[in-house]
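Asker: I'd like to ask some things about the structure below.
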Amino acid sequence: MTASNRYQHSFAQLEAKNQAAFVPFVTIGDPNLKLSQKIIETLIENGADALELGIPFSDPLADGPVIQQANIRALNSHVTPDSCFELITQIRTKYPDIPIGLLLYANLVYSNGIDNFYSKAQKAGVDSVLIADVPVEASAEFRESAKAHDIAPIFIAPPNGDEETLSKVSQYSEGYTYLLSRAGVTGTDNKASMPLENILTSLNQHDAPPPILGFGISQPEQVREAIKSGAAGAISGSATVKIISANLSKPDIMLNKLAKFTQQMKAATIKD
């Protein structure tokens, strides 16, 4: 299966089962590469429909303290972009069908050349790339390289986006649309704002790829509400990473809690 149609295939399968998507986010290499692989496999085995993965970065502007600490833990474990791609390659080999997306920052893409980055991502089996600090209006260079390497560019639909912005996000996003529940940084202290009917209506009118709600999603009730509002799924980052950070010295308990959390969030995607 190619990168461009893993999302399509996954959404079609979910629709046939009357479900939406649950997508956990973790930073690759948090707290180290060996345990990170077990964490990612635990998420998949317990119901994740797709993955959003971060590459550790020293200045994650869009992230709150929980994910900032995840980046620091991974960097302290000497995790590099190349070691992240090696881990993704192993995950892709074991799970050939699950969509894998990267959520990262422009410097990581720029540093060794944009085409070089997307080439490595393609070889590793990455399906999509969302660059958090590149707005859709300034994305041409990244977008063109992504498409040249059969990787879906993902853009954020902000809660206060005007029609022109939502139109461009709809036009240039592939795979899915990252629907932002609120302004600010990631974190579960500030919960997602709903309902979202107006922005979802606008995205539908612009024929956007399926919208998945992110930022502030930490409980099954929020997943149900998002899907009831019309979202195609929900992304949970900080809540997932909190389980990792709270159990760093007890990896078996960490993996058990991640498994239970994923099962509960996935169960909330089943539609009435």
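The opening position of the sequence shown corresponds to residue 1 in UniProt numbering, with each subsequent residue numbered one higher.
Quick reminder that beta carbons are idealized off the backbone N, C-alpha and C, glycines included.
(1) Whole-angstrom Cβ separation of Q122 and Q37, contact assumed at under 8 Å?
(2) If V129 and F155 are in contact, beta carbons under 8 Å, what's the gap, nearest whole angstrom?
(3) Any contact between the region 112-121 and the region 161-168? By contact I mean 3 or more CB pairs, one from each, below 8 Å.
(4) How is the beta strand (DSSP E) around S218 delimited, first residue to last?
(5) Near V169, which residues of its chain fall below 6 Å by C-beta distance, leaving aside the five closest residues on each side in sequence?
(6) Apart from the five residues just before and just after L248, which ones in its own chain have a Cβ nearer than 7 Å to its Cβ?
(7) Need the endpoints of the beta strand (DSSP E) that V79 sits in, please.
(8) Identify the continuous alpha helix (DSSP H) that holds T165 and give its terminal residues.
(9) Helix, strand or coil: how does DSSP classify F25 here?
(10) Alpha carbons only, please: which of Q68, K17, T93 and G233 is nearest the one belonging to G125?
(11) How far does the alpha helix (DSSP H) with P153 in it extend, from its first residue to its last?
(12) Candidates G101, N256 and H149: which alpha carbon is nearest I131's?
(13) Suppose only complete runs of 4+ residues qualify. What are the alpha helix (DSSP H) ranges in the region 100-146, listed by chain order?
(14) Kindly list the residues whose CB is nearer than 6 Å to the CB of P210, restricted to its own chain and excluding five residues on each side of it in sequence; keep chain order.
(15) Would you report the Cα separation of Q222 and S173, rounded to the nearest angstrom?
(16) With a threshold of 7 Å on Cβ separation, who are the neighbours of I114 within its own chain once the five nearest residues in sequence on each side are excluded?
(17) Can the beta-carbon of M265 be found closer than 8 Å to that of S238?
(18) Do P56 and V79 have their beta-carbon atoms positioned less than 8 Å apart in this structure?
Answerer: Reading it off the structure:
(1) The pair is not a contact, with the Cβ atoms about 21 Å apart (cut-off 8 Å).
(2) Contact doesn't hold; Cβ gap of about 11 Å is too wide.
(3) no
(4) Element bounds for S218: n/a, residue is neither H nor E.
(5) V136, F155 and A157
(6) P31
(7) No beta strand (DSSP E) holds V79; DSSP gives it neither H nor E.
(8) E163 to Y172
(9) strand
(10) T93
(11) Not the alpha helix (DSSP H): P153 falls in the beta strand (DSSP E), residues A152 to I154.
(12) G101
(13) 106-110 and 114-124
(14) F11, Y176 and A232
(15) 24 Å
(16) E141, F142 and S145
(17) no
(18) yes
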